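*Asks:*
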């Protein structure tokens, strides 16, 4: 599917790697019709079964992956912030005190840091 007509499956949807249009029915005939009518010059610019075509396919796949990362990275950061907030609140509730002693502040910072920097290699 990818090599022939430049389509890939993304979250159970078939997406054209060239124009990023979603095709509702993932039948070979529908994919071929879209490719032949919309991207008719693509076979001329990137002949089938050549190294140039394979490189173009990889480039288009990377572009789609980069677009997906734009949406997933902020969600992961937001989730880490929320977890850190809950852990700090848990430390405060467990000790039944606010930030009054330096030991509680230290413990809260350590808990929050563990949650925020969980995926860092050099903690």
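In our numbering, the protein residues as written are 111 to 233. Just so it is clear, CB atoms sit at the ideal spot from N, CA and C, and this is done for glycine as well. Please read these numbers as outputs of a predicted model, since none were measured by experiment.
What's the C-alpha gap between residue 147 and residue 180?
*Replies:* Roughly 31 Å separates the two Cα atoms.
*Asks:* Mind checking which residues open and close the beta strand (DSSP E) that includes residue 118?
*Replies:* Counting along the chain, the beta strand (DSSP E) containing residue 118 begins and ends at 117-120.
*Asks:* Look at the alpha carbon of residue 215 and the alpha carbon of residue 192, and state the distance between them as a whole number of angstroms.
*Replies:* For residue 215 and residue 192, the distance between alpha carbons rounds to 18 Å.
*Asks:* Going along the chain, which unbroken runs of the alpha helix (DSSP H) with 4 or more residues stay wholly within the region 130-206?
*Replies:* The region 130-206 contains these whole alpha helix (DSSP H) runs: 138-148, 152-155 and 161-205.
*Asks:* How long is the line joining the alpha carbons of residue 168 and residue 161, rounded to whole angstroms?
*Replies:* Answer to the nearest angstrom: the Cα atoms are 11 Å apart.
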